[in-house]
Amino acid sequence: MVRPTKYLFITGGVVSSLGKGIVAASLARLLQSRGFRVTIQKFDPYINLDPGTLNPYEHGEVYVTEDGAETDLDLGHYERFLDQPTSQANNVTTGRVYETVIRRERMGEYGGRTVQVVPHITDEIKRRICLLGETGNYDIVLTEIGGTVGDIESLPFIEAARQLHYERGRGESLFIHLTLLPYITVTGELKTKPTQHSVKQLLELGVQPDILVCRTEHRLSSEIKSKIALFCNVPVDSVIEARDAETIYDVPLKLMREGLDEAVLRRLGLAPTPEPDMDAWRDFLKRLKNPLDEVNVGLVGKYVELPDAYKSILESFVHAAAANEAKVNVTLIHSEDVQEENVERYLAPLDGVVVAPGFGKRGVQGKLIAIQYCRTRRLPFLGICLGMQMACIEFGRNVLGLSRCNSTEFDASTPDPVISLMEDQLEVTQIGGTLRLGNWTCDIRSGTLAERIYGTSRVVERHRHRYEFNNRYRETFEAAGLVLSGINPDNNLVEIVELPGHPFFIATQYHPEYRSTVMRPHPLFVAFVAAMIRHRRHQEAQQSGDDSR
Ligand code: GLN
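Residue numbers (this note's numbering): 1330 to 1878.
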């Protein structure tokens, strides 16, 4: 018998940034490890159709799915924890919900009735919640409701979840509420009042949470748990401690010890089930926490004030570090700070540099200087998207002598548009959703570093950019020694460039970081970290040689 999909709603209370995404991803991972087919979706209460047009300072990185959706960075966590792809259906904003409803209204589909938040907006939200379940691909769908309970914006989402919970009946869905227990240092106490208040707020909306996950810096005593249980109408075994963790990848095991997944399954009528198989996960953590080497990588970008802007890159380094049994320390370097005079000071202590993706002219000069340093000083280098474009411009200027070559993104009248727009992008005026997005195939030339890294001749990687390497310059660049080692077979565009003879110099037009997961670290990052380890050992060997002389 096919069991209907069960739904878990995850709400947040007290304050934002409690890590709902990590809790959702961790719980999903535990359920998946018990053999359930699981996915997670996120509702974002803002009016933008997607985060694609948002400045990274607003909500951090834009995460891109295989199907080319520009989504919230929590989807990155979902994929990294579950090791399975998400899609547009996994991220829905208020804007998208309203867009659909308004389009229907224009088509006359509401038969002359007044279109309202309840039932029309809430119906559309419910439709989108059930969309994933209706594919038949999942036993359990986790729905993370963005924002904090009490926000005006998230009301329709909570109302829709409440209706669905009621309509589906007992045991078919449940509410998990994430709260904060602040610690008062002076009295040495954890305070439950904010949690009580936020549960009260949920109750006012008609929702009784089934499980409370409590973020805390300290252990929750059984007295505190009982107190929370009593005031918030939940059984004591459904008050789950979520203590601050050393790494986000500890969270699944911590929540498992607290019995979160068991509590969920019991309440959904799915217990008992086999214990979660977390051996591979534990093995990853063991490698991560017992490094044999240590390297320092510089991430040159312009959004360094907000590391969330580079979330997937930072996480890819964690995965690759564990794969190499190394500790990778990432130093964020502001590209606007890097100049000819100080580049040595910034980069000499490092074992490698990654030049980050980005849009717009600000900070590109610093990226060029950093790349030139890596190329000439034989420092391992990885360029991503804009990082690849800048590597081509650097090569054009400093190796080929095309002193004014540029991307038309930064200089529309450059005599040498080494990076430029494709015909199909010339007419584009709308900025949202018009980049080259999502999966594209890349053929890898044999005998190259790219081939050694991937160990295959064809890969599929995710994209998010508008500008391309200009094919008019292919021959000139190749003749001067830049190897175009990856080409998109569908549109003949350059995907990977590399420099043979350099210890590790490779850059990609696509974003490898979107595909790295705990269980499958991305080969490019793994190889880059390995190259940095080699660099470090080489430096140390030289140093001790110098010392003994
Ligand atoms: N701004 C560049 C482009 O649009 C690079 C984008 C990126 O790095 N994601 O092509």
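From the three backbone atoms N, C-alpha and C, an ideal C-beta is built for every residue, glycine too.
Computed from a predicted structure; not experimentally measured.
Residue i vs residue j beta-carbon contact at 8 Å
i: L1337; j: I1469; result: yes
i: Q1838; j: H1867; result: no
i: K1631; j: E1670; result: no
i: L1519; j: L1507; result: no
i: L1347; j: R1544; result: yes
i: I1773; j: S1814; result: yes
i: T1516; j: K1556; result: no
i: P1841; j: H1831; result: no
i: V1624; j: A1651; result: no
i: V1542; j: I1569; result: yes
i: E1738; j: Y1796; result: yes
i: T1422; j: N1384; result: no
i: D1401; j: S1416; result: no
i: H1794; j: C1714; result: yes
i: V1682; j: F1710; result: yes
i: G1341; j: K1349; result: yes
i: A1353; j: L1471; result: yes
i: A1571; j: L1584; result: yes
i: F1486; j: F1372; result: yes
i: A1677; j: G1716; result: no
i: L1549; j: D1579; result: no
i: A1626; j: V1659; result: A quick correction: the sequence has Val, not Ala, at residue 1626. Yes. Within cutoff.
i: E1552; j: P1333; result: no
i: V1344; j: T1477; result: yes
i: D1590; j: L1356; result: yes
i: I1835; j: A1870; result: no
Residue(s) in a DSSP beta bridge with residue i
i: E1570; result: C1543
i: Q1370; result: T1472
i: P1746; result: N1735
i: N1658; result: N1625
i: G1815; result: I1773, I1825
i: E1399; result: V1393
i: T1422; result: D1373
i: I1351; result: Note: I1351 sits in no beta bridge, so no partner.
i: G1437; result: The partner list for G1437 (beta bridge, DSSP) is empty, contrary to what the question assumes.
i: V1684; result: V1629, G1712
i: L1519; result: Y1512
i: H1663; result: G1630
Local conformation of residue i per DSSP, three classes
i: E1501; result: coil
i: A1580; result: The amino acid at residue 1580 is misidentified as Ala; the sequence shows Val. In this structure, V1580 counts as helix in the three-state DSSP scheme.
i: Q1472; result: The sequence shown places Thr at residue 1472, not Gln. If DSSP states are grouped into helix, strand and coil, T1472 belongs with the strands.
i: K1650; result: It should be pointed out that residue 1650 corresponds to Ala in this sequence rather than to Lys. DSSP places A1650 in helix when its eight states are reduced to three.
i: Y1839; result: coil
i: H1851; result: coil
i: S1736; result: strand
i: N1768; result: strand
i: L1404; result: helix
i: N1727; result: helix
i: G1695; result: helix
i: R1791; result: strand
i: L1337; result: strand
i: V1563; result: coil
i: L1711; result: strand
i: F1798; result: strand
i: L1359; result: helix
i: Y1427; result: helix
i: T1508; result: strand
i: H1831; result: coil
i: R1491; result: helix
i: M1585; result: helix
i: G1381; result: helix
i: S1551; result: helix
i: S1416; result: coil
Near ligand 2: residue i beta-carbon under 7 Å from a heavy atom
i: E1387; result: Questions concerning ligand 2 fall outside what the structure shown contains, since the ligands it does hold are ligand 1.
Any residue with its C-beta under 5 Å from a non-hydrogen atom of ligand 1 counts. Can you list them all in chain order? Going along the chain, the residues that qualify are P1686, F1688, C1714, L1715, R1793, H1794, R1795, Y1796.
Below 8 Å, can you find three or more Cβ-Cβ pairs linking the stretch 1485–1492 to the stretch 1526–1545? With a cut-off of 8 Å on Cβ pairs, the stretch 1485–1492 is in contact with the stretch 1526–1545, counting three or more such pairs.
Cβ pair count under 8 Å reaching 3, the stretch 1403–1417 against the stretch 1832–1851: Taking a cut-off of 8 Å for Cβ pairs, the stretch 1403–1417 and the stretch 1832–1851 touch, as three or more such pairs fall below it.
Any contact of the stretch 1360–1374 with the stretch 1589–1604, i.e. 3+ C-beta pairs under 8 Å? Using a C-beta cut-off of 8 Å, the stretch 1360–1374 makes contact with the stretch 1589–1604, since at least three inter-stretch Cβ pairs fall below that distance.
Touching or not, the stretch 1639–1646 and the stretch 1725–1740, by the rule of three or more beta carbon pairs under 8 Å? No contact exists between the stretch 1639–1646 and the stretch 1725–1740.
Is the stretch 1422–1434 touching the stretch 1450–1460 in the sense that three or more CB pairs, one from each, lie closer than 8 Å? Touching, yes, given that three or more Cβ pairs across the two stretches are closer than 8 Å.
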